[in-house]
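Visitor: Chains as they are written, first to last, in the working numbering: chain A, 1 to 245; chain B, 246 to 366.
Input: one structure, supplied below.
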């Protein structure tokens, strides 16, 4: 970031230089599309084959926390694009404010994700030796965060799923593996994004971003919005299966 | 200096009100997709959910990621990426949908889970 706004030798204009930088970022994002696309495809095939187990697993996720998190992440995309706007019009204080808001919302997202993960550990829903999809139904006192009427419904759903798929436990573990794998990779991208945002914050506090030169803000913005798009697909895929019963 | 003026002239600055309209639309669509998940549409629940997700992703790409205001070259790269993803999804799914396994059972093969040994005893 030391060469603020300097025109490199291989470019004719600053405009061309900036366009090349964002084009390079787009090409990187396309490779990310293929990365997440392949994972989502594998998920879709398993979801199709083991539908009862995947539907049962999806219904144990907290829809409330998932929906709040979707809102939080979309809001962080808004504050990110506002930071880009502030840089374009040269409002230096506003860049810092919007970057701080974006970082804050990013950490709220990760915090809620942490709550969701720890619930899964407490409910014995993590694939492995201790996995027991009937744990909460059989030990209601160990799951104080699940309301009694929700447990009643869950018990009914699980019995139906067990009748449709005798090997429910194995196939439900497949669902939770996909859940932890996909949301985990998404969270990893968020953590990397947060690191990049701190780097931008440092530049912003030093007053480096101007209407003439704000390429890093623009590029990190593209990355942050991409991570948002991944979640836009993960949310219906993981949380919204067969909710209408 | 003339080059910098040139650059400022070409860079499209989107007014914050546009961004505000987009984020409100995105939040509204999120509420819609949660609502739609509770309506029994049978096999079309996932179609509706993914259609809404694609609409949301399109809004993010066009406005938040400025694709609408990007040069044609960038748009071409984006479309090429979507096209490659489409090849991945279309070819693999058409293979699975038309597949008949060695037992003569068609995909999704769920009806044979009782006949084959369980993955875990």
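Here a beta-carbon is modelled for each residue, glycine too, at the ideal position from N, C-alpha and C.
Just so you know, these numbers come straight off a predicted model, no measurement behind them.
Going along chain A in order, which residues have a C-beta closer than 8 Å to the C-beta of residue 279 of chain B?
Guide: Indexing the second chain from 1 puts residue 279 of chain B at position 34. Simply 63, 67 and 240.
Visitor: Below 8 Å on the Cβ atoms is my contact criterion, and I expect residue 58 of chain A with residue 238 of chain A to pass it. Report the Cβ-Cβ distance as a whole number of Å.
Guide: Within the first chain, the letter at position 58 stands for residue 58 of chain A. Within the first chain, the letter at position 238 stands for residue 238 of chain A. Going by Cβ atoms, the distance from residue 58 of chain A to residue 238 of chain A rounds to 6 Å, so yes, they are a contact pair.
Visitor: What is the C-beta distance between residue 84 of chain A and residue 109 of chain A, in whole angstroms, given that I count them as a contact (C-beta under 8 Å)?
Guide: Reading the first chain from its first residue, position 84 is the one you call residue 84 of chain A. Reading the first chain from its first residue, position 109 is the one you call residue 109 of chain A. Contact flag wrong, Cβ pair sits at about 20 Å.
Visitor: Can you tell me whether DSSP reads residue 89 of chain A as helix, strand or coil?
Guide: Within the first chain, residue 89 of chain A is the residue found at index 89, counting from 1. Residue 89 of chain A: helix per DSSP, three-state reduction.
Visitor: Mind listing, in chain order, the continuous beta strand (DSSP E) runs of no fewer than 3 residues lying wholly within the segment 90 to 165 of chain A?
Guide: none
Visitor: Do you know how far the Cα of residue 47 of chain A is from the Cα of residue 18 of chain A?
Guide: Taking the first residue of the first chain as position 1, residue 18 of chain A is located at position 18. Taking the first residue of the first chain as position 1, residue 47 of chain A is located at position 47. Approximately 42 Å between the Cα atoms of the pair.
Visitor: Hey, is the segment 96 to 110 of chain A in contact with the segment 192 to 212 of chain A, meaning 3+ C-beta pairs nearer than 8 Å?
Guide: yes
Visitor: Considering Cα atoms alone, identify which of A/69, A/103, A/135 and A/102 is closest to residue 113 of chain A.
Guide: Taking the first chain and counting its residues from 1, the one referred to as residue 113 of chain A is at position 113. The option with the nearest alpha carbon to residue 113 of chain A is A/69.
Visitor: With C-beta atoms as the reference, is residue 182 of chain A less than 8 Å away from residue 240 of chain A?
Guide: Residue 182 of chain A sits at position 182 when you count from the first residue of the first chain. Residue 240 of chain A sits at position 240 when you count from the first residue of the first chain. No, the Cβ-Cβ distance between residue 182 of chain A and residue 240 of chain A is not below 8 Å.
Visitor: If the cut is a Cβ gap below 7 Å, which residues of chain A does residue 301 of chain B touch?
Guide: Mapped onto the second chain, residue 301 of chain B falls at position 56. Within chain A, the residues placing a beta-carbon under 7 Å from that of residue 301 of chain B are 232, ordered along the chain.
Visitor: Measuring alpha carbon to alpha carbon, tell me which residue in B/282, B/268, B/336 and B/266 is nearest residue 244 of chain A.
Guide: The residue labelled residue 244 of chain A in the question sits at position 244 within the first chain. Residue 244 of chain A has its Cα closest to that of B/282, out of B/282, B/268, B/336 and B/266.
Visitor: Which residues of chain A have a Cβ atom closer than 8 Å to the Cβ of residue 322 of chain B, listed in chain order?
Guide: Mapped onto the second chain, residue 322 of chain B falls at position 77. At a C-beta separation below 8 Å, residue 322 of chain B has these neighbours in chain A: 23, 26, 27 and 30.
Visitor: Examine chain B for any beta-carbon lying closer than 8 Å to the beta-carbon of residue 243 of chain A, and answer yes or no.
Guide: What you label residue 243 of chain A is simply residue 243 of the first chain in a count that begins at 1. Chain B, which has a Cβ nearer than 8 Å to the Cβ of residue 243 of chain A, makes this yes.
Visitor: Quick one: grab the DSSP three-state call for residue 318 of chain B.
Guide: For the purposes of this step, residue 318 of chain B is identified with residue 73 of the second chain, where counting begins at 1. It is helical.
Visitor: Can you tell me which residues form a DSSP beta bridge with residue 351 of chain B?
Guide: Within the second chain, numbered from 1, the residue matching residue 351 of chain B stands at position 106. Answer by DSSP bridge pairing, in chain order: B/345.
Visitor: To the nearest angstrom, how far is the alpha carbon of residue 192 of chain A from that of residue 345 of chain B?
Guide: Translated into the one-based positions of the first chain, residue 192 of chain A becomes position 192. Translated into the one-based positions of the second chain, residue 345 of chain B becomes position 100. About 43 Å.
Visitor: Got a sec: which bits of the segment 326 to 343 of chain B sit with their beta carbon under 7 Å from any beta carbon on chain A, in order along the chain?
Guide: Going along the segment 326 to 343 of chain B in chain order, one finds 326, 329, 330, 333, 334, 337 and 341 with a Cβ nearer than 7 Å to chain A.
Visitor: Whole-angstrom Cβ separation of residue 319 of chain B and residue 61 of chain A, contact assumed at under 8 Å?
Guide: For the purposes of this step, residue 319 of chain B is taken as the residue at position 74 of the second chain. For the purposes of this step, residue 61 of chain A is taken as the residue at position 61 of the first chain. Residue 319 of chain B to residue 61 of chain A, Cβ: 36 Å. No contact.
Visitor: Nearest CA to the CA of residue 260 of chain B: which residue from A/87, A/213, A/236 and A/155?
Guide: Along the second chain, one-based indexing puts residue 260 of chain B at 15. It is A/87 whose Cα lies nearest to the Cα of residue 260 of chain B.
Visitor: Among A/103, A/27, A/75 and A/100, which residue has its Cα nearest to the Cα of residue 324 of chain B?
Guide: Taking the first residue of the second chain as 1, we reach residue 324 of chain B at position 79. Per the Cα distances, A/27.
Visitor: Would the segment 126 to 146 of chain A and the segment 158 to 169 of chain A be scored as touching if the rule is three or more Cβ pairs under 8 Å?
Guide: yes
Visitor: Residue 336 of chain B and residue 222 of chain A: beta carbons closer than 8 Å?
Guide: Start at 1 with the first residue of the second chain, and residue 336 of chain B comes out as number 91. Start at 1 with the first residue of the first chain, and residue 222 of chain A comes out as number 222. Result no, Cβ atoms of residue 336 of chain B and residue 222 of chain A do not sit closer than 8 Å.
Visitor: Can you list, in chain order, the residues of its chain whose CB lies under 7 Å from that of residue 149 of chain A, leaving out five sequence neighbours each side?
Guide: Here residue 149 of chain A refers to the residue found at position 149 when the first chain is read from its first residue. For residue 149 of chain A, where only same-chain residues beyond five positions count, there are no Cβ hits under 7 Å.
Visitor: Beta-carbon within less than 8 Å of residue 89 of chain A's beta-carbon, same chain only, minus the 5 sequence neighbours each way: which residues are those?
Guide: On the first chain, position 89 is the one that residue 89 of chain A refers to. If we look at residue 89 of chain A and ignore the five residues flanking it on each side, its Cβ neighbours are 211.
Visitor: Along the chain, where does the alpha helix (DSSP H) that runs through residue 57 of chain A open and close?
Guide: Stepping through the first chain from its first residue, residue 57 of chain A is reached at position 57. Here the alpha helix (DSSP H) through residue 57 of chain A covers 51 to 60.
Visitor: Go ahead and pull the three-state DSSP assignment for residue 266 of chain B.
Guide: Residue mapping note: residue 266 of chain B aligns to position 21 of the second chain, counting from 1. Helix at residue 266 of chain B.
Visitor: Would you say residue 104 of chain A lies against chain B (beta-carbon separation less than 8 Å)?
Guide: Taking the first chain and counting its residues from 1, the one referred to as residue 104 of chain A is at position 104. Not closer than 8 Å to any Cβ of chain B, the Cβ of residue 104 of chain A fails to qualify, so no.
Visitor: Show which residues of chain B have a CB atom less than 8 Å away from the CB atom of residue 82 of chain A.
Guide: To locate residue 82 of chain A, count along the first chain from 1; it is residue 82. Result: 261 and 264.
Visitor: At the level of alpha carbons, what is the spacing between residue 252 of chain B and residue 33 of chain A?
Guide: Here residue 252 of chain B refers to the residue found at position 7 when the second chain is read from its first residue. Here residue 33 of chain A refers to the residue found at position 33 when the first chain is read from its first residue. Any reading at residue 252 of chain B needs caution, since the residue's pLDDT is 46, under 50, leaving its predicted position unreliable; the model's value is listed next. Spanning the two alpha carbons is a distance of roughly 30 Å.
Visitor: I need the boundaries of the alpha helix (DSSP H) containing residue 183 of chain A, first residue and last residue.
Guide: If you number the first chain from 1, residue 183 of chain A lands on position 183. Here the alpha helix (DSSP H) through residue 183 of chain A covers 168 to 205.
Visitor: According to DSSP, is residue 300 of chain B helix, strand or coil?
Guide: In the second chain, counting from the first residue as 1, residue 300 of chain B sits at position 55. Here residue 300 of chain B sits in helix by DSSP.
Visitor: Looking at the structure shown, is residue 6 of chain A part of a helix, part of a strand, or coil, going by DSSP?
Guide: On the first chain, residue 6 of chain A is found 6 positions in, with the first residue counted as 1. Looking at residue 6 of chain A - three-state DSSP - the assignment turns out to be coil, as it is neither helix nor strand.
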